[in-house]
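Trainee: Note that the working numbering has the sequence shown beginning at 19, numbered continuously upward.
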Amino acid sequence: MRDLENGSNLKTKKKNTSMILAAFMIFILPIMLVFIGAFIGGIIGENMQVASNRTFQIVGGVIGFLLSAIIVKVFDKHSKADEKSEKIYWDDL
């Protein structure tokens, strides 16, 4: 490890995020978690042997969506745009 006591500077750098990963996190992950939450909610409803299995599926889907919103928020907070990439403005289109 480096000797940080002698006045050396420690630089931290945020990780650059690829566009494919960012698109997956924003568009695909919430849909997947809604379906997984509805599926798990349906299984829980069947195991509890209640009359309304749809209620558990809806609640599971909502919980999956809320979980995906939290994950996307944390992902957005820890990701950083690449300053070296080409900027595209609406006037150029």
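Every residue, glycine too, gets a C-beta built ideally from N, C-alpha and C.
Am I right that Leu47 and Val90 are in contact with their C-beta atoms under 8 Å? What's the rounded C-beta distance?
Mentor: 7 Å
Trainee: Do the segment 47-59 and the segment 75-90 meet, that is, are 3 or more Cβ pairs less than 8 Å apart?
Mentor: yes
Trainee: By Cβ distance below 6 Å, which residues in the same chain neighbour Ile62 in space, the five residues on each side in sequence not counted?
Mentor: Phe74
Trainee: Grab the span of the alpha helix (DSSP H) containing Met66 for me, first residue to last.
Mentor: Leu47 to Met66
Trainee: Going by the beta-carbon positions, is the gap between Phe93 and Val52 smaller than 8 Å?
Mentor: No; because the gap between Cβ atoms is not below 8 Å, this pair is not in contact.
Trainee: What span of residues does the alpha helix (DSSP H) with Ala40 cover, start to end?
Mentor: Met37 to Ala41
Trainee: What residue from Ile49, Gln67 and Ala41 has the CA that sits closest to Leu85's CA?
Mentor: Residue Ile49 holds the alpha-carbon nearest to the alpha-carbon of Leu85 among Ile49, Gln67 and Ala41.
Trainee: Quick one: give me the first and last residue of the alpha helix (DSSP H) that Ile88 is part of.
Mentor: Per DSSP, Ile88 belongs to the alpha helix (DSSP H) from Asn71 to His96.
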